[in-house]
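Numbered per our numbering, the sequence shown finishes at 546, counting up by one with no gaps.
For every residue, glycine included, the Cβ atom is placed at its ideal position computed from N, Cα and C.
Notes to accompany the following structure.
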Amino acid sequence: MAGSNDIGHPAAQAAAVAARAGDVPGGRLRTWAIVVFVAFAIVTVLYALTAIATGQANVGAVSGDALLHAREQLRAMSIAGTDPGWGQVFGTDDPFIWIAARLTSARLMFGENGFYDTVLYYARMPKANIVILSLHNIMGGTCMLLGALQFWPALRRNYPRWHRTAGVVYMVSSQLAMIGAMTYMVRTPVAMMYDTLTFATGLWFLALGVTGSLWMSIHHLIRREIAQHQAYMAINYGFLLTAPFTRIDWIWAAMVYPDVNQNTSNFSAVAVLIAQCMLFGYLLLCMNRWFQKTRPATGRTGPVFPAALTEAVANAGVAVLSVLSIAALAAVVDHYLVTPGLDRFQAGKDWIPAGLAAFQGSVLRAARGSRWLYAVSAIGVCALAPFLLRAAFIGKPQPARMMRLAAATGVLTAANGAVLLYWGQLLGGPTAITSSGGTPFQMNGAFELFFAVLLLWGVMRERHALVKEWSLFAILCVLALPSFYALVPLVGWIYLQIGMPDLQHYVEITSVYRVAISVGLILAMLAGSLYAVYGSATHEKFAR
């Protein structure tokens, strides 16, 4: 999504506004940003240490059954009502499970129908798999340990040798971790993985995403395109954050839904996991830009890609998104006004359990007022999208028109997001029948509100480059839910083509539904993040 008025050719007015806004943040806002980043770095470092300790503990299963027996004893203690102590867990198990048990309950974290079933399997699976998974844990912990501080501009400037050395170790360890993950998944039946098909699908996406973003960052580093290198590394680290945030999400889900087992509360945790961490990756990208000085317009380097290619990509991207917006408009009218309810969605009957479809249908049909508000706001965004995208990315800059359309899009996106938050409350928490309940709707709504607020702030501050970027994110997030109606049969068809064993079982336990309901927002974040790598908001900053 780069046009002739974007990558390498920013409007003079945008540069002037950026100059007026100042180079770097200061005062109280900067202090709070530093505090938040330091807290984030501490959490990731602590997780990294626990991941390395877990990898070392898992290796113990190679030499015999002692590790399996020790873990079985931890389960027996928890079922009997005794909380395992730190000394009993450390060296035997993932220390994060002990932390989670202290914050929720030992019976939930060490008991049956939860992640601990898989932990026991880790101790009795083939020895080659034990070694592979342990390598994955240790290498993953190593790259997490080194990663967070790499994004602090002052550290890169003041300690360049440390930055480069740590960067090389990070790249090697993260790639080895992904090779280990992919090897393990090839060797392990889906039925033996935690959360089976849903988790396996997400893990493959993450392994490929980490690998792809890593090599794109290396490509741009070799070409001395430092801004793009840093942006891809932020995306890369966002993917890796799924490891600690899996555990964090398990904890809050167990706290919010204490009356269901860990397997069931995990439905809500997984519904937010990947998109949430992609958002954190994008925020790292933004923070990195925020703390770097603005380039003067006369001192900016040329475009990353040739102008003709840039223009062709912009034209194609706007055309594709315009078509998708029209298709989404039609989907909203059909599925939320004419025939509302999953139970009336004929193309989804083979992939969505009847009980889940009937539940959602009854809840949303009863919410007539909010359905109309959702439909009107979504239709408004979809109708404005082709005009806004054209004004932002195609041909001669049209800043005044872009700002008017962006303001309207921001208001409509906020209304749309508010409705989705309300629907999330109506649909409730996770159960065996309702699957992840309202969590995916709340997640989508929260993202829409987040980017709507950013977009409206950008309009008020006349930050043209950021308005382009956040307009794109807002539109993509609104398109995410309507895309579900195309993604459900597509995801099911893909599983059929790869010959997924016991596919009907995974349909019945809502695995296919949970994948499909999450993909739209994940793709929205992926497309928006890729634009941010090359967009003018990144290009107009010094990268050091």
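Report task. Would you mind working out which of 212, 397, 252 sits nearest residue 314, comparing C-alpha positions? Result -> 397
Requested in this report: Measure the beta-carbon distance from residue 539 to residue 471 and round it to whole angstroms, keeping in mind my assumption that it falls under 8 Å.
Outcome: 5 Å
Requested in this report: Could you check which residue in 216, 516, 468, 209 has the C-alpha nearest to that of residue 350?
Outcome: 516
Requested in this report: Under the assumption that residue 277 contacts residue 496 (Cβ atoms under 8 Å), give the Cβ distance between them as a whole number of angstroms.
Outcome: So it is not a contact: roughly 20 Å between Cβ atoms.
Query raised in the report: Who are the Cβ neighbours of residue 236 in its own chain at under 8 Å, not counting the five residues just before and after it?
Result: 153, 283, 284, 286, 287, 290
Requested in this report: Check whether the Cβ atoms of residue 429 and residue 362 sit closer than 9 Å, and answer yes or no.
Outcome: yes
Query raised in the report: Taking the alpha-carbon positions, what's the residue 530 to residue 90 distance?
Result: 45 Å
Requested in this report: For the segment 72-84 and the segment 40-47, state whether three or more C-beta atom pairs, one from each stretch, are separated by less than 8 Å.
Outcome: no
Requested in this report: Please report how far the alpha carbon of residue 402 lies from the alpha carbon of residue 532, in whole angstroms.
Outcome: 26 Å
Query raised in the report: Can you tell me where the alpha helix (DSSP H) with residue 212 in it begins and where it stops?
Result: 198-224
Query raised in the report: residue 284 lies in the alpha helix (DSSP H); which residues open and close that run?
Result: 264-292
Query raised in the report: Alpha carbon to alpha carbon, what distance is there between residue 140 and residue 477?
Result: 39 Å
Query raised in the report: Any idea what DSSP makes of residue 530, helix, strand or coil?
Result: helix
Query raised in the report: Can you give the Cα-Cα distance for residue 227 and residue 431, rounded to whole angstroms?
Result: 46 Å
Query raised in the report: Where does residue 542 fall in DSSP's three states?
Result: coil
Requested in this report: Please look up how many angstroms separate the CB atoms of residue 213 and residue 180, rounded, as I've assumed it's under 8 Å.
Outcome: 5 Å
Query - Closest Cα partner of residue 199 within the set 504, 413, 32 - result: 504
Query raised in the report: With 16 as the cutoff for other CB atoms within 10 Å, does residue 65 come out buried or exposed?
Result: exposed
**Report entry** Limits of the unbroken alpha helix (DSSP H) element including residue 472
**Finding:** 466-499
Query raised in the report: What residue does the alpha helix (DSSP H) around residue 109 start on, and which one ends it?
Result: 108-112
Query - Closest Cα partner of residue 183 within the set 149, 413, 203, 165 - result: 203
Query - Exposure label - residue 466; buried when at least 16 CB within 10 Å - result: buried
Requested in this report: Can you tell me which of 219, 56, 194 puts its alpha carbon nearest to the alpha carbon of residue 174?
Outcome: 219
Query - According to DSSP, residues forming a beta bridge with residue 296 - result: 543
Query raised in the report: Excluding five sequence neighbours on each side, which residues of the same chain lie with their C-beta closer than 7 Å to the C-beta of residue 554?
Result: The displayed coordinates of the chain run from 3 to 546. Any statement about residue 554 would go beyond what the structure contains.
Query raised in the report: Taking DSSP as the reference, what is the three-state secondary structure of residue 550?
Result: Not covered by the structure: residue 550. The range shown for the chain is 3 to 546.
Query raised in the report: Around the C-beta of residue 311, are 16 or more other C-beta atoms found within 10 angstroms, so that it is buried, or is it exposed?
Result: exposed
Report task. Compare the beta carbon distance of residue 155 and residue 294 with 9 Å and say whether it is the shorter of the two. Result -> yes
Requested in this report: Whole angstroms is fine: what's the gap from residue 482's alpha carbon to residue 252's?
Outcome: 24 Å
Query raised in the report: CA-CA distance, residue 147 and residue 394?
Result: 39 Å
Query raised in the report: What did DSSP end up calling residue 92 once you bin it into helix, strand or coil?
Result: strand
Requested in this report: List the DSSP bridge partners of residue 437.
Outcome: 433
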